[in-house]
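The next block holds one structure in the form of structure tokens; read it before the comments.
Residue numbers (the working numbering): 856 to 1114.
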């Protein structure tokens, strides 16, 4: 049975938009319900989400404090949906979202209720990318950014912000997806800390190199100096001896003319 199950699993590339409500766990239970309802309303009102639902190319996965929208047709769909949801929720001061977009492999499965579901690395990485952001951020993996950049309309909104370390020490290359009326143009706090740590390590290494060079220079200078023997018998003997006087002398006699 296990072998039959593995044969039935089909690997495909999906385009994932992972959404998280910032500060959800610190809210009271009734407020959590209100936030989830507001998020669901914003998602349902997205034309991109509505179109994907109609053609059967969308799977929605609730995550407790947000959701994952798995689009199975276009890599542009999660980006367009992110813009629409961001614009819809910016007017709600208590609903702060962060999002992550990634295109990667998933397996189509059927859950316990008999409904279609997906699992796999594509969804996991989308979540880790989202975790790198703060409220308002829409972060995009380099893989998804490369696909979007093929269309000129997306290029002005993709800003390369470098690498971030995620779970298990893995590094991901991120792009900040933002523009007028959506996203957050500020550098995520996680990347700021990473830049500061890298800078501190760099200056520590520079200081170490300078210290080693200074020590080497002092040793070289000391070894090149002439060394004098020092006697500790008496204070007087510590000084260099005066030159010895000779008992011999030369006498100068007057010149006498003998001619």
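Using N, Cα and C, we set each Cβ at its ideal position, and we do this for glycine too.
Could you pull out every residue in the same chain whose Cβ sits closer than 7 Å to the Cβ of residue 1010, ignoring the five residues on either side in sequence? 1004
Could you give the residue range of the beta strand (DSSP E) that holds residue 996? 993-996
Would you call the region 1070-1080 and the region 1021-1036 touching, i.e. three or more CB-CB distances under 8 Å? no
Tell me whether residue 947 sits in a helix, a strand or coil according to DSSP, three-state version. The three-state secondary structure of residue 947, taken from DSSP, is coil.
Compute the Euclidean distance between the alpha carbons of residue 919 and residue 907, then round it to the nearest angstrom. 22 Å
Excluding the five sequence neighbours on either side, which residues of its own chain have a C-beta within less than 6 Å of the C-beta of residue 959, listed in chain order? Hits under 6 Å: 976, 977 and 980.
Which of the three DSSP states, helix, strand or coil, is assigned to residue 1026? strand
Determine the contact status of residue 995 and residue 1029, defining contact as a CB-CB distance below 9 Å. yes
Note down the Cα distance separating residue 876 from residue 1007, rounded to an integer number of angstroms. 31 Å
Which residues mark the beginning and the end of the beta strand (DSSP E) in which residue 958 is found? 952-965
Where do the N-terminal and C-terminal ends of the alpha helix (DSSP H) with residue 885 fall, by residue? Residue 885 -> alpha helix (DSSP H) spans 884-899.
Residue 948 versus residue 933 - alpha carbon distance: 23 Å
Near residue 1056, which residues of its chain fall below 7 Å by C-beta distance, leaving aside the five closest residues on each side in sequence? Per-residue confidence for residue 1056 stands at a pLDDT of 45, beneath the threshold of 50, marking its modelled position as unreliable; the derived number appears in the next sentence. None.
Can you look up residue 1074 in the DSSP assignment and give me helix, strand or coil? helix
Using 9 Å as the threshold, is the C-beta distance between residue 944 and residue 897 below it? yes
Just to confirm my understanding: we take residue 1062, look at its own chain, exclude 5 residues before and 5 after, and list those with CB closer than 8 Å. What are they? Only weak support exists for where residue 1062 lies, its pLDDT of 49 falling under 50; the value from the coordinates is given anyway. Nothing meets the Cβ criterion.
With residue 972 as the anchor, note down where its beta strand (DSSP E) starts and where it stops. 971-974
Taking the alpha-carbon positions, what's the residue 973 to residue 928 distance? Their Cα atoms are separated by approximately 14 Å.
Note down the Cα distance separating residue 870 from residue 1014, rounded to an integer number of angstroms. 19 Å
Quick check on residue 967: buried or exposed, where buried means 16 or more other Cβ atoms within 10 Å of its Cβ? That one is exposed.
Measuring CA to CA, which of 1001, 1068 and 916 is closest to residue 930? 1001
According to the neighbour-count rule (16 or more other Cβ atoms, all chains shown, within 10 Å of its Cβ), is residue 956 buried or exposed? buried
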